[in-house]
Amino acid sequence: MTTTRFAPSPTGRLHVGNIRTALHNWMLARQAGGTFILRIDDTDAERSREEYVDAIRADLAWLGLDWDREERQSARLERYEAAFAALQTAGRIYPCYETAQELDVKRKIQLSRGLPPIYDRAALALSDAERAVREAEGIAPHWRFRLDHAEPIVWEDGIRGTQKFDAAQLSDPVIRRADGSWLYMMPSAVDDIDMGVTQVLRGEDHVSNTAVQIQIFTALHAADFAADTGAAKNLPAFAHEALLVGREGKLSKRLGSLGCDAFRERGIEPEAIIALLARLGTSHPVEPIADRAALTSSFDLASFGRAPAKFDEEDLERLNAAIVHQLPFETVAARLPHGMDAAGWHAIRPNLAHVGEAGEWWRLVTGPIECPSFPDEDREFLAEAARLLTWSEDPWGTLTAGLKDATGRKGRALFLPLRQALTGMDHGPDMGDLVPLIGEVETRARLARAAS
Ligand code: GLU
């Protein structure tokens, strides 16, 4: 049974990068008929805000990314305590007493010598007596997880292929602060175990976290941590996608602030965002596919490339227009001008880049329109049109065929004065669709007015 999760920290609004991760995890779950978990990573009490939790839920709902289960890390502190105890018993956790400044100095010295800034495990070497001295001085320790340097870390990444890490090239991660609060690293692994997560799909900025977390998973399993919950001792499958960058190919500040509110304000449909983000960075072409089931079934980690995915706002606009042209009346009805029915929507839809523009075009039907003044020969032609107008299934087709015969006009000379007389514009929706909506009385009146 496939279980995925989207694990935002509620310290801000979702941006395109987060939305993409959420979407891909949602698709993996839906494709397999599995479970998609929304996990709120709110162990950082100071920076987490309830209003962001609400905004995350609202944004996911607007995007149509429904979740089967919601979890919050702040409600699971007992489990982290239990995991910590299990790792401590297994000898995988040790107290550290360095201040942030001391650690900073160590890092700078290493860097100045051309060495990687890996934690030197000074605290691991302390004797019981040395620790006792620090405790007596009232220094509260923070805690590190001891990586196993003997075990190479290897996994088959769903996107990056075989990944190998030498644990000795990584710092033992701090997993708990001196005030007892948790850092991201361990709770995430504990949750993935407890919640039966089978696939972890996230950005490549998490690759080295995965290396560390694999050792945390393995240590917890070895300590029989999840025996009470009956969770299997399998590691999740990991996949890390290349990051999203701006059109220029750089990580852009703008992308970090571009979220659902901005899209909504610009009249971008959720389906356009979904269609773009589902395929950006993959070998599948980005196409205006409004059918989410089709996008979901074609979603495939193997199609992802290793190069950063370029997010182009102009692509999104183009995709949006093409998606709007497909939207069914029921989807947009609540956002349309009063009186605009399904026939009206179908007539006007091909002219829209955004649903919000429907009102401007609908005015061509309801009027009043601004009628240009015509040269004499066009006025005669339009008078002839008013005489020939009959009402049928296809009044426009009948009228233009009759006028062509009667006047010998064709092409632009035939169609343009009629369009101008009936809509006041040189371009716009298909006249065959529009004229029945304008109605017989008004069509006749507009032709007569233009001819006079
Ligand atoms: N809260 C973490 C983040 O937003 C979750 C990362 C993960 O998927 O494990 O980066």
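Heads up: the sequence shown is residues 66 to 517, going by the numbering used here.
Even for Gly, the Cβ is constructed at its ideal location relative to N, Cα and C.
As the structure is a computational prediction, the values presented were derived from the model and not from experiment.
A direct Cα-to-Cα measurement between Ala288 and Leu152 gives close to 7 Å. Counting along the chain, no alpha helix (DSSP H) covers Tyr159; the unbroken beta strand (DSSP E) around it starts and ends at Ile158 to Cys161. Relative to the ligand GLU, the nearest heavy atom lies less than 6 Å away from the CB of Asp106.
In the three-state DSSP reduction, Val262 falls in the coil class, being neither helix nor strand. Trp247 places its beta carbon 7 Å or farther from that of Phe303. Of the candidates Asp231, Phe282 and Pro160, Pro160 places its Cα closest to the Cα of Glu195.
For secondary structure counted as the beta strand (DSSP E) over 3 or more consecutive residues, the stretch 334–393 holds no complete run. In the same chain as Ala448, and ignoring 5 residues on each side of it, the C-beta atoms closer than 7 Å to its own belong to Ala516, in chain order. In the same chain as Gly409, and ignoring 5 residues on each side of it, the C-beta atoms closer than 7 Å to its own belong to Trp427, Val430 and Leu502, in chain order. Here the distance from the Cβ of Ser74 to the nearest heavy atom of the ligand GLU is below 6 Å. Restricting attention to Leu479, Leu464 and Asp495, the CA atom closest to the CA of Arg509 is found in Leu464. Taking the Cβ of Arg267 as the reference point, at least one heavy atom of the ligand GLU falls within a distance shorter than 6 Å. Ala197 sits exposed, since fewer than 16 C-beta atoms from the chains shown fall within 10 Å of its C-beta.
Not one heavy atom of the ligand GLU falls within 6 Å of the beta-carbon of Ser322. Of all alpha-carbon atoms in Leu417, Pro373, Ala399 and Arg474, the one lying nearest the alpha-carbon of Glu382 is that of Leu417. In the DSSP assignment, Lys469 falls within the alpha helix (DSSP H) that extends over Pro460 to Thr472. Within the chosen limit of 6 Å, the ligand GLU reaches the beta carbon of Ser253 through at least one heavy atom. In this chain, Gly226 is not harboured by any alpha helix (DSSP H); it is covered by the beta strand (DSSP E) spanning Gly226 to Phe230.
Nearest in C-alpha terms to His214, of all of Ala423, Val265 and Arg186, is Arg186.
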